[in-house]
Each structure stands twice: as structure tokens, then as C-alpha cells.
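Number of protein chains: 2
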Amino acid sequence: MLLDIAEVAERSGLAPSALRFYEKRGLIAPAGRNGLRRTYQPDVLDRLALITCARGAGFTVAEIARFLLATPDDSELRAGMADKARKLEEDIDRLTRMRDGLRHAATCTHTLLVECPDFKQMFARST
Amino acid sequence: MLLDIAEVAERSGLAPSALRFYEKRGLIAPAGRNGLRRTYQPDVLDRLALITCARGAGFTVAEIARFLLATPDDSELRAGMADKARKLEEDIDRLTRMRDGLRHAATCTHTLLVECPDFKQMFARST
DNA sequence: CTCTGACTTGAAGCGTGGTTCAAGTCAAGG
DNA sequence: CCTTGACTTGAACCACGCTTCAAGTCAGAG
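Protein chains in written order, with our numbering: chain A, 1 to 127; chain B, 1 to 127.
Shown next, in the form of C-alpha cells:
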């Protein structure tokens, strides 16, 4: 029923050292110990999936810790989330342009990539 | 006609220290010197815009340096770019899910955010 | 009961991307 | 000519997110 750290590491794809690191930062907690050894409830895997995903979206470990503790009355955090959603949208736009530019770049024939107008278009400049 | 480092810094939004850092890494070069002082051609601003954008898309400084030197016969690099484009697509999907989850989270009423099914749905698990 | 080896800890180390610092140089202005 | 102050350098430092290490512990096998 309980998992030990090696099992959690394997099933989550994270290193044991990373799990201890997350614990120190308050993102996860073991269900208990067997001697010195951490034992985890299986649902820690869900939490780790969430953490990994959030990390991938550019959240810092400290931010994720806040999210995991959030309750509906934490309006500051709610606002922060709406903020993040907006920022993500900008990121998405930027990445989309970048992806298109790269697709072109992979086949473009300009001697110096930097000179290619299609490539340059990636960088919609405001100035 | 030529810009000095302070001007480039201001107009690019980057710190002078960052410009020197990029130079050391081969991303930019001054047009010359006035005494010890770097002087830049105005088009360095385009290049810096590109660099900033690429950084924002998650490229490392080392990768960007390679891009900037790329010629059409660097097929290894071309393949790498196609690769990057694919990865960006995955990133875009992930960020999109994350954005939707956050939008919901900002208004959801679950006592503990982590318990909200709509929030959890952000983390499409493969296992 | 003893051994083994996977776990435990805190501290140090690493790669990335810069910033900050001390010490020095030099173009321009008075 | 001398001062000023923005530039120059290399080296040290920072934050982040871990990983690695040395030294120690302890559950379970023999």
C-alpha cells in the first residue's frame, strides 16, 4: 500500500534527491517512515505529476508550493493565477511564432540564417 | 551613427553587463572601439531582439550562438531546429492546458485547489 | 547477531544566466 | 594639463533547481 522512495522515484520519473528537495521546499510529504526510510501514499504520484507539469510551465518551486496550499479565500493568490494565465498566453504566442520561424529555418536557403526575412519575422519588434 | 554601450543597453532593454556577457559568448560583437569603449552598429539592436526572443522561447545562450552562425549546409543544425520546433509544439500544448487550468483556478471554489477536478485536469497523466 | 546495502542527513558542487565589485583606463571638458 | 566619470577588465557572487558526496543508520536476509 505504501511506497518507498525508490518506488516513487521510479514511477514519477524523478530522482530520489529531487523528492527530498521537494519535501524540503514543502511540496510533498511522506506518509510516514519505516525506520529512517520515507514511505509515501500512492497519491503522491498525482501531486508529483502536477509539480512536474507546473515546472514545465515555468513556475518556480516556491510558486508551486503556494499553489498547493491555496484555499479559495486566498484572493491574492487567485489574482496571481489570473496574472500567470495572462503571461502564459503571451508565452504561447511567442512560442508559436518561434515554432513557425524554426520550421522555416529548417529548410531555408539563406546563407546566413540571420539574414533571412522569414526568420527575422519571428522577432516582431515593437521599436 | 555608432552607438555606445549605454545607448544599446537602454534601447535594447538589456543591462550593459548582459551585453558584455553576450559578447563573451559570441552572440554579438562591437563594431569597434573608441579608446576602450565599445561602439556598436545600430543593427545590433535587431540581433539583440532576436536573442531576447529566443531566450524567451527557452533556448540557451549556447544554442543561440550556434543559430547565429548557421549556414544552409549545417544540416545537423537544421535537424536540431526541426527538433526544437517539435518540442515547442509540445510546450505550446502544455502551456495551453496550464493556462486553461489557471483560468479556472482563479475562480474555482474548492477548499483545497489541489482537490478540484478541473484543476487536476491540467495534468493529463500518461500513467 | 552480524552483515549488507539501500536508505538517511547536511553540506558542497554544478550549469545557466547573469550582476556586482575592485581596480584601472581614457576621451572630453574646463 | 588635470579632473571627471563613464567606460574597461577579470573575478567573485547570486538565484534556481537540483545532484553528488561523505558519513552515518537501520530493516531485513542469512
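Every residue gets a Cβ at the ideal spot worked out from N, C-alpha and C, and that includes glycine.
Starting from the C-beta of residue i, find all residues in its chain whose C-beta is less than 6 Å away, skip the five residues before and the five after it, and write them out in chain order.
i	result
Pro-16 of chain A	Ile-5 and Ala-9
Gly-58 of chain A	none
Ala-18 of chain A	none
Roughly how far, in whole angstroms, is the beta-carbon of residue i from the beta-carbon of residue j, given that I think they are within contact range, below 8 Å?
i	j	result
Ala-49 of chain B	Ile-64 of chain B	Rounded, the Cβ-Cβ distance is 12 Å, inconsistent with contact.
Arg-94 of chain B	Leu-77 of chain B	Contact flag wrong, Cβ pair sits at about 25 Å.
Would you check if the distance between the CB atom of residue i and the CB atom of residue j is smaller than 9 Å?
i	j	result
Ala-79 of chain B	Ala-29 of chain A	no
Glu-23 of chain A	Arg-11 of chain A	no
Leu-14 of chain A	Thr-52 of chain A	yes
Arg-25 of chain B	Ala-62 of chain B	yes
Arg-103 of chain B	Ala-85 of chain A	yes
Give me, in chain order, the residues of the same chain whose beta-carbon lies closer than 7 Å to that of residue i; leave out the 5 immediate sequence neighbours on both sides.
i	result
Leu-68 of chain B	Leu-27
Met-122 of chain A	Arg-97, Met-98 and Gly-101
Cys-108 of chain B	Cys-116, Asp-118 and Phe-119
Ala-31 of chain B	Leu-2, Thr-39, Tyr-40 and Gln-41
Val-44 of chain A	Val-8 and Ile-28
Thr-127 of chain A	Note that Thr-127 of chain A scores 38 on pLDDT, short of 50, meaning its location in the model is unreliable and no value can be drawn from it.
Buried or exposed, going by whether 16 or more other CB atoms sit within 10 Å of the CB of residue i?
i	result
Leu-113 of chain A	buried
Arg-47 of chain A	buried
Leu-36 of chain B	exposed
Using CA atoms only, rank isn't needed, just tell me which of the options is closest to residue i.
i	options	result
Thr-71 of chain B	A:Glu-23, A:Phe-21, A:Cys-116 and A:Gly-58	A:Cys-116
Asn-34 of chain B	B:His-104, B:Glu-89, B:Arg-86 and B:Leu-2	B:Leu-2
Gly-56 of chain A	B:Asp-118, B:Gln-41, B:Glu-90 and B:Arg-25	B:Glu-90
Asp-73 of chain B	A:Asp-74, A:Ala-18 and A:Thr-111	A:Thr-111
Got a sec: does the ligand COA put a non-hydrogen atom nearer than 8 Å to the Cβ of residue i?
i	result
Thr-39 of chain B	You won't find the ligand COA in this model; it holds no ligand whatsoever.
Taking 8 Å as the limit between beta carbons, can you name the residues of its chain near residue i, skipping five residues before and five after?
i	result
Arg-125 of chain B	Unreliable placement is indicated for Arg-125 of chain B, whose pLDDT of 49 sits below 50; no coordinate value is reported for it.
Ile-92 of chain A	none
Lys-87 of chain B	none
Ser-75 of chain A	none
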